Amino acid sequence: MTTIDAALARHLLREMLRIRRFEEKTIELYQQEKIRGFLHVYIGEEAVAVGVMQALTRDDSILATYREHGHALARGIPMRSVMAEMLGKAEGCSRGRGGSMHIFDAHHRFYGGSAIVGSGLPLAVGLALADSLKQRNAITVVFFGDGAVAEGEFHEAMNLAALWHLPVLFCCENNFYGMGTALHRAQSVTDLPTKARSYGIQAASADGMDVLAVREAAATAVREVRAAARPYFLDLQTYRFRGHSMFDPELYRSRAEVEDWKRRDPIPRFAERMVSTGVLAATDYAEIDSAAMEEVEEAVAFAEAGSLERVEDLSRFVYSETDDEQ
Amino acid sequence: MTTIDAALARHLLREMLRIRRFEEKTIELYQQEKIRGFLHVYIGEEAVAVGVMQALTRDDSILATYREHGHALARGIPMRSVMAEMLGKAEGCSRGRGGSMHIFDAHHRFYGGSAIVGSGLPLAVGLALADSLKQRNAITVVFFGDGAVAEGEFHEAMNLAALWHLPVLFCCENNFYGMGTALHRAQSVTDLPTKARSYGIQAASADGMDVLAVREAAATAVREVRAAARPYFLDLQTYRFRGHSMFDPELYRSRAEVEDWKRRDPIPRFAERMVSTGVLAATDYAEIDSAAMEEVEEAVAFAEAGSLERVEDLSRFVYSETDDEQ
Amino acid sequence: MSSDREPRQATYRAAVREAIRQAMLADERVFLIGEDVGRYGGSYAVSKGLLEEFGPNRIIDTPISESGFTGAGLGAALGGMRPIVEIMTCNFSVLALDQVLNTAATWLHMSGGQFNIPVVIRMATGAGLQLAAQHSHSLEGWYAHIPGIKVITPATVADARWMLPTALEDPDPVLIFEHARLYNTEGELPADGAPVDIETARVRRRGHDISLITYGGSLPKTLEAADELAARGVSAEVIDLRSLRPLDTRTILDSVARTHRVVVIDEGWRSGGINAEIITRICAAAFHELAAPPGRVCTEEVPIPYPHHLEEAALPQMLEIVKQAEATVAA
Amino acid sequence: MSSDREPRQATYRAAVREAIRQAMLADERVFLIGEDVGRYGGSYAVSKGLLEEFGPNRIIDTPISESGFTGAGLGAALGGMRPIVEIMTCNFSVLALDQVLNTAATWLHMSGGQFNIPVVIRMATGAGLQLAAQHSHSLEGWYAHIPGIKVITPATVADARWMLPTALEDPDPVLIFEHARLYNTEGELPADGAPVDIETARVRRRGHDISLITYGGSLPKTLEAADELAARGVSAEVIDLRSLRPLDTRTILDSVARTHRVVVIDEGWRSGGINAEIITRICAAAFHELAAPPGRVCTEEVPIPYPHHLEEAALPQMLEIVKQAEATVAA
Ligand SMILES: Cc1ncc(C[n+]2csc(CCOP(=O)(O)OP(=O)(O)O)c2C)c(N)n1
Ligand SMILES: Cc1ncc(C[n+]2csc(CCOP(=O)(O)OP(=O)(O)O)c2C)c(N)n1
Ligand SMILES: [Mg+2]
Ligand SMILES: [Mg+2]
C-alpha cells in the first residue's frame, strides 16, 4: 500500500465527511418538505465515490445514478450548487430542474444524474468512443449499482466497450441490494467480476468500506484503462445504511445485518486508523467535521436564499435554440 | 457414441433432405415471386434442427427465429402447411398471415417464428416458468443465432432462467455471422459457452455440421435439463451456405470460406459415413432424396392450389373475440 | 382484507391489492411478477403482505430486467398461466416495449388465431410527485395507439378493485395504468361489488353545457373543475373514459350530442396524445353538432421538471380546465 | 458520387448515401454507426461503399444491441462528435426507446440547458414489402409525441439529400424516418442543391378544392390520387409535412384557408396517429372555415399481415384516398 501523508488523509476524511453531513442534512430537509420527490442518500457508501475520484483528472468524464450527490461533491461541484439543486432552485447546478436525481455539471464533466437503472452505461461507451476517435487522452467512469447488472443495457455496454477497446472504468457500487432485492435474488452468479471477465474485461473487487482500498483499486484500474485503452470493471462492495429512498420500510433486511455493516462505517474506520497510525492527530476529526458541517449550513443558506426559475421559462431548453412546436 | 441403426440413419437423413429440398424450392419460388418479403433459408444448417429435435417429446415447447422452416419441418409440422404459409395461403399453418418468418403451430407446441432478434428468449423463460409452476414435466427449447447473443434480452433471459432454475434449453445456432457481421466483430469474447457459464449455466459446444454430434449433445443437454430442472446452453457451430436473405450481396465473406464450409455439408457427410460404415446401402440416399423431392412437389401443389384469406377477415384475431375499437 | 360483505372506505392502493389477492385466491394460475413486488412490498406498496400470504412461487421478485420479466410474463401466459406483470412505472416500461409491441400485440393475429396471450401488465403512470423528467411520463395514451392490446385506466377505487378481475378474464393482453397520485385516494367499495366491463366509459357527473372528457389521474381534477364551473353557472358533464383502447366512442358522442361542446383533459403531452384521437373522432362523427371547436387541456410539451411550481405549470390544473371550459362555452 | 455540379436523376437511396458521404467529407466529427452499415453495406444498401472510403473508425459496424449502440451514439454526441446512428428499421428502434425518450429527449432540459445532444438517428419505416407484422410498423407519428426530439420524414430524393446536413447541424436529437419503399424511387437532384430547413411543410401540388396532407412514403400515392382527382374534376392541393415534430401548422392552416376541406393520409395506425394531431390542430384553429369534417386515410388497426392482398387492404391506397377526398368534397 502506498503511504498516506497527513494532507491526503485529511483530504479523504474531509471528502467523506462532507458527503455524510450533506446527506444527513438532505434527510432533514426532506422531512421538512423542502426537498421532495425521491431522495436516495449515500450514507455508508462514501468511501466509494471518494476513493474513485482520487484517480481521475479533470479531463475525465463521469456518469452516475440517482444516488449521486456523493459523486457530485467528491468531483468538486460546489456544495451550494448541489444543495440548491436539491431544493429546486434556479441557482442549482441543473437550474433546479433535475433535483436530487439529476445533478449535472458541464464544467466538471459530470454527465448526470440518470434515474433509469442502467441507462448511463451505453452513454459511457459513447463518451469513451468520442475520446477514442478524437484521440483525446481521457477516460470515462460510470457508476451504477449491483441492480443494474441485470439490465440488458449492462450487457450491451460491457460488450461494446470490450469489443471496441474503449477507455471506460465500470464502477459497480455493489451494496448487495437493488431496492429490496438482494443480490443473490437478482443474479444467478453473484460474483460480479466473473461476469465482467466473460466479456474479456479485467475486473477486481475491493472493500468499498475502506477508502484507501478503493483508492488503490481505482488507481490500478485507471492506470490500466489509460495504458491499454481497455475497459476495466470494479466491484466495490459496500452497503447503504439507510433505506433505498425516503419511502422504504426496509422489510427485506434485518436490523442485525444493518448493524453489522455499520460497524464497518468507512468514516470512523478510516479516521481511527489514521489516528492510531499517527497520520492524523486526535483533534483533526472534529475540526474537519465542523468545517464540513459549516459548509453544509452555508450551502443550505445559499439554497434557501435561492430563487425559483420563472414559470415563463418552462419551455426553455426543450430544444437548444427556440422551442418550435406549437 | 451410441450406435446408429438403419432406421435412425434413414430418419436423420430424410429429415435433413426434406429441409434441404424444401429450402431449395423456396428459393425457386422466391425467384418466381410466389414467395415475397424476407426469405432466410437454412441450407447448410440442417443438422442443427434435426439433431436437436431428436431429443424432444411432443410435450416440449419450441421457439425459433425467422430462419425457422427447418425447425418447423423437423418438428413434424406438415410440409404442405409450411409451404402454404410461405405462399401466404389460408391453408398455411399461420393462415398465411405470417409467411416465411412467422411459422406457428399450436398442435406441435411451435411458438413461432419471431423476427425480432433475441425476442424469443424471454418468452422461453416464461414458457418454462409456466411448466415449472404447474409442475409439468416438459422443457422449452429456444433457437437463436450467434447475433442474438449481443442483445440485452439474451442477458436478461439467461440470468432469469439460471436464477429461477428453469428447464430451458438454449440452442445457439452459431453460424459465425449475424447478417454481414462476423462473430468476432460482434462479440468481445467469441467462445459462447464462456458467456453461458458466467450465469452459472452448463454449456457445451458441438459440431453443428454433424447431425450425430448435435443429436448427442442435445440428448445430454436435455437429460440434464429434465433431471436438474436447470437451463443448459448449446453452442452449435454451423454455417449458412447462402446469403442472409435473398437480398444479400455477400460482400463480407470470401468465396473460399464458403467453399471450405461446404466441404463439411452435413448431408453428404452423414450419408457417406453411413454408407461407408455399412449402416445404409448406397442406394438409400437417392431413394430418400426422391421421396423428399416428391413431398416438396406435393407441398407446392397443395400451396399453389390453396386459397387467399378473405379481405373481410383482415381484422379477425386482432383480439380473441370481437374487434372492439372503431 | 376480508371478503366483500360490507360497504367500506378503502384506498385505491388497498383496492388494487385486494383485487390481486382475490384473483389469486380464486385462480391458482394467477401470479404476480415484477421488481420488488415481494420482499419490498411493491414500489408503491400495492403488494405489501402478499408474499407472506402466497409465497415466493406466486409473488415473484425479479431482477431489474424489464424486457426479460415482461417477456417471461407473456411466455407464462402462453404456457397456460394468468400472470400479472407489474412494471414499477411506465417510464421503465419502454425497456419492455419490444415484448409489448412486437410480441404481445402481434402474436394472435400473426399466428392466424392460434396463440392468444392472456397477460395483464400493470404499471404506475403520471406526474405530480416531483419525480422529474425520467419518472413522470404519462404513456397510456401512447400505448393506446397499438392494436392487439387493451389499455385501461381505472380512476376510481371501485374500478381499481373491479376492473382487474375482468382484465384477467380477458384472453388478450391488457395494460393497466394506475396513476401514482391515485394510490392514496379514498373511495367507497360497495358491498355488492362485482367485476365490471373494461371497455366502456362512464358519465361521472351529469351536465348539459359542456362535456369534460378525461380518464385516470385527471378525473379528480376534472370533477373539481366541474364543481367550480357549477359555482360559476356552467353545467359540466364529466366522462371518465376508463379504457383508452378500445375507446368508447358511443358514450363520448352521446354526451356531445347533449352538450355540443367539449374539452378533453389528458395528462399526456398535448401533441399526439389520446386527446387528439378523441377530438378527431368527435369531429368526424359530430362535426355539425358542435357549437364550438373542441378544447384540450394537456401537459405542456416539456420534460417534467422537478420543482413544484414548474411541475404544476406543466400539468393540467383544475383552474386551467375551468378556464378552457368557460372559453369553449363562450365560443 | 461526384459533387453537385450537374443536375441529375438519382435514387432516394443514392441521395441518402451521398448526404452521408458529403457530411463525412465536410466534418470529421461525423461518423456512421449501426448494424451492418459497413461490411454488409447497410440492410437497405444505403451505406454501400462507405466503409471502403472512410474506414472502420468512421463506418462502425455494431453488434445487434440497439440500446447499446444508440446510447453510445448519444454519448459520442455528448463527447463532441456528430454521430449518425442507423437503426435498421423502426421496428427494432423500440429496443432503444429508453435512450431516446428518457435520455435524448430529456438531457438538455433536465440539465438546465447544459447538455444538448447533437445526434442524428436514421431508420427505415413503413410497410408494403410483405415483411409481415414485426417488420412493417410506421412509428414516426408515434415518436413525434415526444418533446425534446425532432422527427423528420424526407419524402423526395432532394429532401433525402438535403435534410440530412441540416439535421446534422442541429444541436438537438433529430430522428429521420426513411420509408423503405422510397429507397428505389428516382427523382432529380438539382445542380444548385443546398441544405434545406427541416421544420417546414411544402405544398407539392397546388389545388383549390381540398387539401391532402401527408408525409413520407404516402406522398407518391397522394400525388397519384391528386392526378386521379384532377381527372375526375377535383382540384387537390398536396401538402408534404416533411417534419412531424415540429409540425408546420402555419402551412397546413394556410392551405385549409384556401380549400376549406381536408383529408390526412398517414401510414400509421389510425387511432392516435399523427393524423389525429393534425386534424385536432385544424379543428382548433380553423373550425369555422371548414366546409366538411376532416377525413383521414390511415392504416387499419391490425398487425400488418404478410400476404399481398391483405397487406394492401391494411394500408392507405391511392383509390381510397380518391374516394375519401370525393366524399369530403361532397360533404
Ligand atoms: C429501468 C429502471 N427500472 C426500475 C427502476 C426503479 N429503481 C430505482 S432504483 C432501483 C434499484 C437499483 O439498485 P442498484 O442498481 O443496486 O442501485 P442502488 O440503489 O442500490 O444504489 C430500482 C429498481 C428504475 N429507476 N429504472
Ligand atoms: C432486434 C433486431 N435487430 C435487428 C434485426 C435485423 N436482423 C435480422 S436477422 C439479423 C442477424 C441475426 O443474426 P443471427 O442471430 O446470428 O442469426 P442468423 O441469421 O445468422 O441465423 C439482423 C441483424 C432484427 N430482425 N431484430
Ligand atoms: Mg444496489
Ligand atoms: Mg448467425
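Residue numbers (our numbering), protein chains in the order written: chain A, -4 to 321; chain B, -4 to 321; chain C, 661 to 991; chain D, 661 to 991. The C-beta atom is built at its ideal place from N, Cα and C for all residues, glycine as well. What you are looking at is a predicted structure, and each value in this text was computed from that prediction instead of being measured.
- For glutamine 794 of chain D, the nearest CB of chain B lies under 8 Å from its own CB, placing it at the interface with that chain.
- For the options C:Ala820, C:Tyr843, C:Leu761, the alpha carbon positioned closest to that of histidine 797 of chain D is the one of C:Leu761.
- Judged by the Cβ position, glycine 175 of chain A fails to qualify as a neighbour of ligand 3 at the 7 Å threshold, every heavy atom of the ligand being at least this far.
- Taking a C-beta cut-off of 7 Å against chain A, the contacting residues of the stretch 175 to 186 of chain B are Gln182, Ser183, Val184, listed in chain order.
- With a cut-off of 7 Å, the C-beta of asparagine 170 of chain A is classified as near ligand 3, since at least one heavy atom of the ligand falls inside that distance.
- For the options A:Phe297, A:Glu168, A:Glu146, A:Glu307, the alpha carbon positioned closest to that of methionine 74 of chain A is the one of A:Phe297.
- Residues of chain C with a Cβ closer than 7 Å to the Cβ of threonine 730 of chain D do not exist; the shortest Cβ-Cβ separation is about 12 Å.
- In this chain, glutamate 746 of chain D is not harboured by any alpha helix (DSSP H); it is covered by the beta strand (DSSP E) spanning 742 to 749.
- Around the CB of glycine 735 of chain C, 16 or more other CB atoms lie within 10 Å, so the residue is classed as buried.
- The three-state reading of DSSP puts serine 903 of chain C in strand, counting E and B together.
- If you draw a 10 Å sphere on the C-beta of leucine 979 of chain C, you find fewer than 16 other C-beta atoms in it, and that means exposed.
- For arginine 92 of chain B, the secondary structure class from DSSP, reduced to helix, strand or coil, is coil.
- Membership of methionine 241 of chain A in any alpha helix (DSSP H) is not indicated, and neither H nor E is assigned to it by DSSP.
- Between the beta-carbon of isoleucine 777 of chain C and that of leucine 738 of chain C there is about 6 Å, and that keeps the pair under the 8 Å contact cut.
- Around proline 963 of chain D, the same chain offers Ala793 as residues with beta carbons nearer than 6 Å, after the five sequence neighbours per side are excluded.
- Proximity of the stretch 288 to 304 of chain B to the stretch 75 to 89 of chain B meets the contact definition, three or more beta-carbon pairs being nearer than 8 Å.
- Of all C-beta pairs linking the stretch 819 to 833 of chain C to the stretch 916 to 927 of chain C, fewer than three are shorter than 8 Å, placing the two stretches out of contact.
- Three or more beta-carbon pairs separated by less than 8 Å link the stretch 20 to 38 of chain A to the stretch 238 to 250 of chain A, which places the two stretches in contact.
- Only exposed fits asparagine 844 of chain D, as fewer than 16 other CB atoms lie within 10 angstroms of its CB.
- Here the C-alpha atom of valine 206 of chain B lies approximately 13 Å from the C-alpha atom of threonine -2 of chain B.
- Here histidine 839 of chain C carries a strand assignment [DSSP, helix/strand/coil].
- Between serine 753 of chain C and glutamate 148 of chain B, the C-beta spacing is not below 8 Å.
- Bridge pairing for glutamine 197 of chain A: A:Tyr227 [DSSP].
- For aspartate 721 of chain D, the enclosing beta strand (DSSP E) begins and ends at 719 to 721.
- Listed in chain order, the non-local C-beta contacts of aspartate 908 of chain D below 8 Å within the same chain comprise Glu859, Thr860, Ala861, Leu901, Arg902, local neighbours out to five positions each way being set aside.
- For glycine 39 of chain A, there is no enclosing alpha helix (DSSP H), since its DSSP letter is neither H nor E.
- With contact defined as three or more Cβ pairs closer than 8 Å, the stretch 220 to 234 of chain B and the stretch 185 to 198 of chain B are in contact.
- By the Cβ rule, the stretch 741 to 752 of chain C counts as touching the stretch 672 to 691 of chain C, because three or more pairs are nearer than 8 Å.
- Assigned with DSSP and collapsed to three states, valine 136 of chain B falls in strand.
- Separation of the CB atoms of arginine 235 of chain A and asparagine 170 of chain A is rounded to 5 Å, and the pair is thereby assigned contact status at 8 Å.
- By DSSP's assignment, valine 898 of chain C forms a beta bridge with C:Arg865, C:Leu872.
- In chain order, Gln790, Ala792 place their CB closer than 6 Å to the CB of tyrosine 966 of chain D, counting only its own chain and leaving out the 5 sequence neighbours on each side.
- Glycine 301 of chain A does not reach chain D, its nearest Cβ partner there being about 13 Å away, counting only Cβ pairs nearer than 7 Å.
- Under the Cβ criterion of 8 Å, cysteine 943 of chain C is counted among the residues facing chain D.
- Annotation for threonine 785 of chain D: the continuous beta strand (DSSP E) segment containing it runs 780 to 785.
- By the neighbour-count criterion, in which 16 or more other beta carbons inside 10 Å mark a residue as buried, glycine 108 of chain A falls on the buried side.
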